[in-house]
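The structure appears below as structure tokens.
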Amino acid sequence: VLLSLLNVVVGSPTARCSPSTPPTWPVRFKAVQRKSPSGDQSKCATGGCSDVVMYYDWERQGNLIMDRPDGAAEGDTLWDLELGNHRSYYFQRGPQTCKYLHFAVGILRPDWLSGANYTGKKVINGRTVHGWTKADFIDYYADVSDCSPVSWTFHTMKATFDTVSFLEGEYVPDESFFVPPPYCPNRTGHGLDGERERIVV
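Written as structure tokens, this is what we have:
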């Protein structure tokens, strides 16, 4: 598992941050993370934990999150593809299932943490971090030395994502990863008749 590597971060530093200035994401990066229920790894034995790989590319207007639960086959990895045209697709390549959602926000802007409230310094996974919270949405922690993401917790999901590695400038392995598969609805045209979901950032 990836848990033993939680203190490894590779790549260039993100934009500078301070208590009064939350981090700004690079326009492109790859993050490998360990997901657990509210950061409690002891609950992994009963499910809810997974290895996550995220590719964010503001210039290509794509954000891909691949979530593989512990013990799951590769084909059962959940692909969460978020696009700048306000379309999101949740699919699994094995059973070829796909759910479409319309997001008014599109993908997060690099400066999406702007306006977040500073929560102070603490130590997470052996690293000293600055902390912020925003809009009853997320608690976010960045390394004080280079502002790279160390951990974040989504309030509604009650799930924590601990960073294993962070690679600034890393491209998605294949551009097709930012294209929903043929079995997904609403891949083309202008229809936005999928289920709508509200998100606050």
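Going by the numbering used here, the first residue of the sequence shown is number 3, and it counts up by one from there.
Cβ coordinates follow ideal geometry from the N, Cα and C atoms, glycine included.
Residue j beta carbon less than 7 Å from that of residue i
i: residue 57; j: residue 146; result: no
i: residue 82; j: residue 67; result: yes
i: residue 24; j: residue 134; result: yes
i: residue 38; j: residue 160; result: no
i: residue 90; j: residue 70; result: no
i: residue 152; j: residue 143; result: yes
i: residue 35; j: residue 165; result: yes
i: residue 107; j: residue 61; result: no
i: residue 187; j: residue 102; result: yes
i: residue 120; j: residue 182; result: no
i: residue 63; j: residue 86; result: yes
Enclosing beta strand (DSSP E) for residue i [first to last residue]
i: residue 163; result: 161-170
i: residue 144; result: 140-145
i: residue 32; result: 30-39
i: residue 91; result: 89-94
i: residue 151; result: 151-156
i: residue 82; result: 80-85
Strand pairing of residue i, partner residues [DSSP]
i: residue 185; result: Its beta-bridge partners do not exist; DSSP assigns none.
i: residue 123; result: 132
i: residue 60; result: According to DSSP, residue 60 bridges with nothing at all.
i: residue 52; result: 37 and 71
i: residue 99; result: 94
i: residue 66; result: 57 and 83
i: residue 23; result: 20
Residue-chain proximity (residue i, chain C), Cβ-Cβ < 7 Å
i: residue 143; result: In the displayed structure, chain C is absent; only one protein chain is listed.
Proximity test, residue i beta-carbon vs the ligand ZN heavy atom, cut-off 6 Å
i: residue 65; result: The ligand ZN is absent from the structure shown, which contains no ligand whatsoever.
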